[in-house]
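J.: A single structure is presented below for examination.
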Amino acid sequence: MALFKSWFIDYEPFDGQVPSTWKYGVLGDFVEIKRGGSPRPIQNFLSDSGLHWLKISDATGISSPFISEIKEYIIEEGLKKTVFLKAGSLVLSNSATPGLPKILDIDTCIHDGWLYFPSSKFSNEYLYLYFKHIRDNLVALGNGSVFTNLKTDILKNYPTNLPTDEVLNEFDKIMKPIFSMILSTTRESKRLTEIRDTLLPRLMSGELDVSDLDL
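The sequence shown begins at 1 in my numbering and counts up by one.
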C-alpha cells in the first residue's frame, strides 16, 4: 500500500505530478465492471456440495487479499442465475460491507452483492491496491436504506488515471512476487488450520496419546 501510494497518489517517482503521458478518465474507461447474480429463492439452491457460493462473510473475517475457503455451496441448477468465476479473479463487495476487494484462490459462484471485472487495463494486484486506497471514498458515495450499496455506476464514473504500460509493468514486477508470497502464506495457514482442527478433537478425547513425546 505504501508503494502504491508513493507511485500513484503522491507520484514520487515522477517529480510529484501526474506524467503527461498518462491518460485521464473514469474507471469504466479502463475496466469492464459487472455484477454477480443470485438464483432466488436462494434457499432452494443451497446444498452441502456442488458449486462454491461466495458470501460477504467469507471475506470480512480474513486479512489476506486472497479467499481460499468458502463455506457454502449451491446446486448446478443455480448456474443459470449467477456468475461463475475461476480462481485468480478479482471481486469487490458492493453491499453489506462494501468496497472490500479480494482475489479468489478457489472457483466459485458470486451473488449480486459482488462486482467482478472480466477485462481490465490494470492487473489484479494494481486494482486490489487501488480499491483498498479509494474504499472510504466509495463507501461515502454509496447509498442504501439498510446497508450502504456500492452501485456499478459509482465505480464506472470514478475519476481514474491510466499510467503507461511501461509504468504498470514495472509496478507489477515488484508487486506480483509479493502477492505470490502472501498467497503461499495464506495457503500454508489454511493447511495448518485444517491439521489443527483434525488433531485437536482426537487429542482432547485421548484418541491420540502424546505422553511419550520428548518435547
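Virtual Cβ for every residue (Gly too), placed ideally from N, Cα, C.
Keep in mind the model is a prediction, meaning the values are calculated, not measured.
Alpha carbon to alpha carbon, how far is Ala96 from Phe171? Give it in angstroms, no decimals.
T.: 32 Å
J.: Kindly indicate which residue of Ala87, Leu199, Cys109, Lys121 has the alpha-carbon position closest to the one of Lys81.
T.: Cys109
J.: Roughly how far, in whole angstroms, is the beta-carbon of Arg135 from the beta-carbon of Gly88, given that I think they are within contact range, below 8 Å?
T.: Not really, about 22 Å apart at Cβ, beyond 8 Å.
J.: Given a cut-off of 9 Å, decide if Ser120 and Phe14 are closer than it, judged by their beta-carbon atoms.
T.: no
J.: Any chance the segment 185-196 sits against the segment 48-59, with 3 or more Cβ pairs inside 8 Å?
T.: no
J.: CA-CA distance, Lys151 and Leu203?
T.: 49 Å
J.: If I follow the unbroken beta strand (DSSP E) through Thr21, where does it start and stop?
T.: Element bounds for Thr21: n/a, residue is neither H nor E.
J.: Could you spell out where the alpha helix (DSSP H) holding Phe4 opens and where it closes?
T.: 2-8
J.: On the DSSP letters alone, give me the boundaries of the beta strand (DSSP E) that Leu90 sits inside.
T.: For Leu90, the enclosing beta strand (DSSP E) begins and ends at 90-93.
J.: Could you check where the beta strand (DSSP E) with Leu115 kicks off and where it finishes?
T.: DSSP places Leu115 inside the beta strand (DSSP E), whose first and last residues are 114-116.
J.: If you run the structure through DSSP and keep just helix, strand and coil, what is Glu32?
T.: coil
J.: Who are the Cβ neighbours of Ser145 in its own chain at under 7 Å, not counting the five residues just before and after it?
T.: For Ser145, the predicted structure reports a pLDDT of 45, less than 50, and the residue's modelled location is therefore unreliable. A value from the coordinates is still provided. Nothing listed; no residue qualifies.
J.: What is the rounded straight-line gap between the Cα of Tyr73 and the Cα of Gln17?
T.: 48 Å
J.: Suppose you measure from the CA of Gly28 to the CA of Asp165; what does that come to, to the nearest Å?
T.: Just so you know, the alpha carbons of Gly28 and Asp165 end up roughly 18 Å apart.
J.: Mapping the DSSP letters down to three states, classify Tyr73 as helix, strand or coil.
T.: strand
J.: Mind listing, in chain order, the continuous beta strand (DSSP E) runs of no fewer than 3 residues lying wholly within the segment 120-181?
T.: Those beta strand (DSSP E) runs which fall completely within the segment 120-181 and span 3+ residues are 159-162.
J.: So is Asn94 buried or exposed if we call it buried at 16+ other beta carbons inside 10 Å?
T.: buried
J.: Rounding to the nearest angstrom, what Cα-Cα distance links Ala140 and Ile154 in this structure?
T.: 11 Å
J.: Leaving out five residues before and five after Phe147 in sequence, what residues of the same chain have Cβ atoms less than 6 Å from its Cβ?
T.: Its pLDDT being 46, under 50, Phe147 is placed unreliably in this model, and the value from its coordinates should be taken loosely. Closer than 6 Å at Cβ, skipping near neighbours: Ser95, Ala96.
J.: Less than 9 Å between the C-beta atoms of Phe117 and Ile33, yes or no?
T.: yes
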